[in-house]
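Chemist: Under this note's numbering, residues 4 to 527 are what the sequence shown spells out, in order. Where a beta carbon is used, it is the ideal one built from N, C-alpha and C, also for glycine. Note that the structure is a prediction, hence the values are computed from the model and not measured. Take this structure first; my questions come after.
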Amino acid sequence: MCRTCCARSRRQRDSRCTSRSSREPTTTIARKRRSRPLPSPCGRPYRSHRSTTCHPPKGRWGSRVSELVIVDSRVANLASIAGAFRRLNATIAVTADPDVVRTAARLVLPGVGAFGAGMAALRARGLDIIIRDVALRGTPLLGVCLGMQMLCDASEEAPGVRGLGVVAGTCRRLPPSVRIPHLGWNSVTAEPGARCVTSGVAAFANSYALCESPDGWTPAWTTHGVPFIAALERGPTVACQFHPELSGAYGAALLERWLTGRPVSEGIPGNGSPGLFRRIIPCLDVKDGRVVKGIRFQDLRDAGDPAEQAARYEAQGADEIVILDVAASAEGRDTQVETVRRVRAAIRIPLTVGGGVRSVDDARQLLAAGADKVSVNTAAVRRPELLTELAQAFGRQCVVLAIDARRAAENWQVLVIGGREIARPDAVAWAREGENLGAGEILLTSWDRDGTRVGHDLDLLRAVSDAVRVPVIASGGVGTRAHVAAAFAGGADAVLAASVFHDGDDTVDGIKADLAVRGFRVRQ
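Laid out in C-alpha cells, this is it:
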C-alpha cells in the first residue's frame with residue numbers, strides 16, 4: 004500500500020471498526036474467501052496489515068463488491084458464473100440457504116435448465132418468494148438465461164407453472180423456421196438509455212425467449228427467426244437471456260458494470276445485422292488429464308495440457324471448447340472432473356464435456372465443475388431415455404448427442420465404445436430419434452475421416468443436417484481452410500477440429516479470416 008492509502012487507513016481505522024459490523028456480510032459463508040486486491044485511488048493495490056485494512060470502494064448502489072450471493076438452483080452452471088465473478092475480484096457465496104439469499108447485498112440467479120425444474124427447485128426451499136422480495140426492494144439482481152426466464156410471469160416450456168413475476172410477460176418458444184435451440188454467438192443491440200448492457204456479441208443457449216419489452220424496462224434485442232429480448236434492465240436489476248459469463252471480454256465488462264454499479268459512459272454502436280455466427284470449436288480429446296490425438300482414437304500421442312490449450316484457443320477466437328474424455332466410456336468410469344475445473348478456470352467461452360456421462364447426476368457433477376453442455380454417446384445408445392431425462396432436468400440446449408458414424412454399404416453405422424462396437428445400423432435415423440428424445444445438438448463425427456485431414460464426409464453431413472432441426476457440429480477430417488468452408492456450405496452450424504490446431508498447422512483466427520473472405524458470418 005502506498006503512503007497516501009496507509010495514512011488514510013490510520014485516520015479512518017476507528018470509525019471503520021465501529022461501523023463495520025453493519026456493512027460486513029452477515030453470514031459465515033460470505034466471510035470465507037477474501038477478494039483479491041483492487042487498485043487503490045492512487046493506482047497501487049490495497050493490502051492488508053495487522054492493524055488496518057483498506058477495502059475496495061463502494062459501487063453506485065452502496066455495497067462493496069465482495070457482498071455477492073449466487074443462488075444454487077440445482078440447474079445452473081455454477082462454476083462458470085462463479086469463476087467469472089472471481090476474476091473480477093468478488094468474494095462470493097454459492098448457496099441455496101434462504102437466510103443468506105434474503106440478506107444478500109447483490110444477488111445472481113443463474114441457470115441452464117428447464118423452466119419447470121428451475122421453479123420447482125426454488126419453491127422447494129422457499130426461494131421464489133425471497134428472490135421476488137429481494138428484487139422488489141431494489142437489491143441489485145442479475146438473472147442469467149434461465150434465471151431471466153424465471154423472473155418472468157411464465158414460460159410456454161412449462162404450462163401452468165408460475166414464474167417469479169418480477170418481469171411482466173411470458174417466454175415463448177422460438178419459431179420452427181430456424182434451428183432450435185438457439186445456440187452460439189449472436190449480436191446484441193441495446194436501446195438508448197441502457198446503463199449496463201451495451202451492444203456487442205454474446206453467447207446464447209435458449210429455445211424460449213421473451214418477445215415483447217415490458218413497460219418500465221430498457222431492452223436490448225437480438226434475432227433468431229424473430230426479434231426477441233436479449234437483455235432487460237431497470238435500476239439495479241439486469242436480466243440477460245445470453246450468458247455474460249461465457250461471452251468473453253464483452254460479457255466480463257457487463258458483469259463488472261453490474262457488480263460495481265458504474266454505468267457505461269456512452270453507448271457502443273451495434274455490430275451489424277443480428278443472426279448466429281458460424282462457430283469454430285477446437286476439441287480436446289483428453290486421457291489421464293492430458294490432451295491426446297491420434298487417428299480413430301488409436302496410436303494416441305500427447306498434445307499438451309488441456310487448460311493451457313483451451314486458453315490459447317480462446318485467445319485465437321475460438322467460439323467454444325469441447326472436452327471429450329476418450330477413455331471414460333471404455334473404462335467404465337466417470338469423466339475427469341478436475342480437468343473440467345481447470346479448463347473452466349482458464350476460459351470465458353462455452354464448454355461442452357463428454358465421455359462417461361451415464362446419468363443425470365453425472366451431468367449435474369460436470370455442470371457444477373464448469374461444463375455448460377454435456378455430450379452423450381454410448382450411454383444414450385444403450386439407454387435412449389437418458390436424453391429425455393437430461394433435457395427435462397437441464398433443458399434441451401444443454402444436451403449434445405455425439406454420433407460416431409462409419410460408412411456402410413448404403414448408409415452409415417453408429418459406433419460406440421470408442422469405435423469398438425457397431426450399436427445401430429443407421430446414423431441418420433438415430434440422429435432423428437435423438438432429437439425427438441431431447442437432444443438439442445448433434446456432434447457428428449465421421450469415423451472414416453477422423454484424424455485423416457482429407458475433409459468431411461459431406462454426404463453424411465448433408466443427410467443428418469437435412470434430417471434434424473437442431474444444430475449440427477461437423478467433426479472428423481479438417482485439414483485445410485477449404486474443408487471448413489465446405490462443411491458450412493454442406494449444412495454444418497459449427498465445425499469441430501483438433502489435429503490442425505494441436506499440431507500448429509493453422510489457427511482459429513486464421514480459419515475465421517478465410518471464412519470471412521468467403522462470405523461466411525464469423526465472430527472476429
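1. For Val-503, which residues does DSSP report across the bridge?
2. Quick check: what's the CA-CA separation for Glu-248 versus Ala-79?
3. For the beta strand (DSSP E) containing Arg-282, name the first residue and the last one.
4. Comparing alpha-carbon positions, which option in Thr-240, Leu-112, Ala-82, Cys-199 lies nearest Leu-369?
5. Across the segment 230-237 and the segment 200-212, are there enough close Cβ pairs to call them in contact, namely three or more that are closer than 8 Å?
6. Quick one: is Val-503 near chain C, going by C-beta distance under 9 Å?
7. Would Asp-429 and Trp-415 be called neighbours here (beta carbons separated by less than 9 Å)?
8. Under three-state DSSP, which class holds Glu-444?
9. Contact defined as beta carbons within less than 8 Å: I believe Ser-378 pairs with Ala-405. What is the distance between those atoms, to the nearest angstrom?
10. Taking Asp-328 as part of the alpha helix (DSSP H), name the residues at either end of that continuous run.
11. With hydrogens ignored, establish whether the beta-carbon of Arg-304 is closer than 8 Å to any heavy atom of the ligand SAM.
12. Using C-beta distances below 8 Å, list every residue in its chain close to Asp-3, excluding the 5 sequence neighbours before and after it, in chain order.
13. Any idea what DSSP makes of Thr-263, helix, strand or coil?
14. Where does the unbroken beta strand (DSSP E) through Arg-237 begin, and where does it stop?
15. When the Cα of Arg-77 is compared with those of Val-115, Asp-218, Ala-495, which residue comes out closest?
16. Got a sec? Which residues, its chain only, sit under 7 Å from Glu-215 by beta carbon, not counting five neighbours each side?
17. Give the straight-line distance between the Cα atoms of Thr-55 and Trp-224, rounded to the nearest whole angstrom.
18. Which residues share a DSSP beta bridge with Phe-207?
19. Within its chain, find whatever has a CB closer than 8 Å to the CB of Gly-507; leave out the 5 residues flanking it on each side and keep chain order.
20. Let me know the secondary structure DSSP gives His-459 once reduced to three states.
21. Give the C-beta separation of Val-329 and Val-289 to the nearest angstrom, bearing in mind that I take them to be a contact with Cβ-Cβ under 8 Å.
22. If we count the other Cβ atoms within 10 Å of its Cβ and call it buried at 16 or more, is Ser-25 buried or exposed?
23. State the Cα-Cα distance for the pair Thr-106 and Gly-494, rounded to the nearest angstrom.
24. Residue range of the beta strand (DSSP E) that Glu-424 falls in?
Modeler: Taking the definition as stated:
1. Paired residues: none, contrary to the question.
2. 12 Å
3. 282-290
4. Ala-82
5. yes
6. The structure shown contains no chain C, having only a single protein chain.
7. yes
8. strand
9. 5 Å
10. Looking at the DSSP string, Asp-328 is not in any alpha helix (DSSP H); the run it does join, the beta strand (DSSP E), is 324-328.
11. With respect to the ligand SAM, the structure offers nothing, as it holds no ligand at all.
12. There is simply no residue 3 to check, as the chain begins at 4 and stops at 527 in what is shown.
13. helix
14. 229-237
15. Val-115
16. Gly-172
17. With a pLDDT of only 26 at Thr-55, under 50, the local geometry of the prediction cannot be trusted, and no value is derived from it.
18. Gly-187
19. none
20. coil
21. 7 Å
22. Model confidence at Ser-25 stands at a pLDDT of 36, short of 50, so the residue's coordinates are unreliable; what they give is reported in the following sentence. By the 10 Å Cβ count, Ser-25 comes out exposed.
23. 50 Å
24. 424-427
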